[in-house]
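Data first, discussion second: the structure below is written as structure tokens.
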Amino acid sequence: MLTFTTHTLEKMELLLKSAGYKVRYEKGNFKTGACLLLNSKMIVVNRFSNLESKILSLAELLRELEVDHNLLDDKQIAFLQQLKQTKLQL
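Per our numbering, residue 179 is the first one in the sequence shown, and the count goes up by one each step.
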């Protein structure tokens, strides 16, 4: 089960950073809460989204991205596997 805490959000940000992605929080009127910019390894999250929306959006992206496991430590790999097995309720 995915908990909606700032710690979970920070773990996701660190995992993405380790995988070579840059996470930015910008204001905007995009609905999804996060988007991947044309294979540039930059993820933009709507800063005005609530914590739950930010976590769900990043979790959805992490489930779809092909992340090189060689760049991650064991805890991050386990967390990523947990995310991929968790069914999101949007």
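Note that the Cβ used here is the ideal one computed from N, Cα and C, for glycine as well.
Every value quoted in this text rests on a predicted model; they were computed, and no experiment measured them.
Query: Where does the unbroken alpha helix (DSSP H) through residue 241 begin, and where does it stop?; Result: 229-242
Query: Is it the case that the Cβ atoms of residue 254 and residue 193 are separated by a distance below 8 angstroms?; Result: yes
Query: Quick check: what's the CA-CA separation for residue 196 versus residue 204?; Result: 21 angstroms
Query: If we ignore side chains and look at the alpha-carbon of each, how far apart do residue 258 and residue 248 end up?; Result: 13 angstroms
Query: With residue 200 as the anchor, note down where its beta strand (DSSP E) starts and where it stops.; Result: 200-204
Query: Anyone know if the C-beta pair for residue 230 and residue 182 falls short of 8 angstroms?; Result: yes
Query: Between the alpha carbons of residue 221 and residue 236, how many angstroms are there, rounded?; Result: 9 angstroms
Query: Whose CA, out of 246, 232, 199, lies closest to the CA of residue 216?; Result: 199
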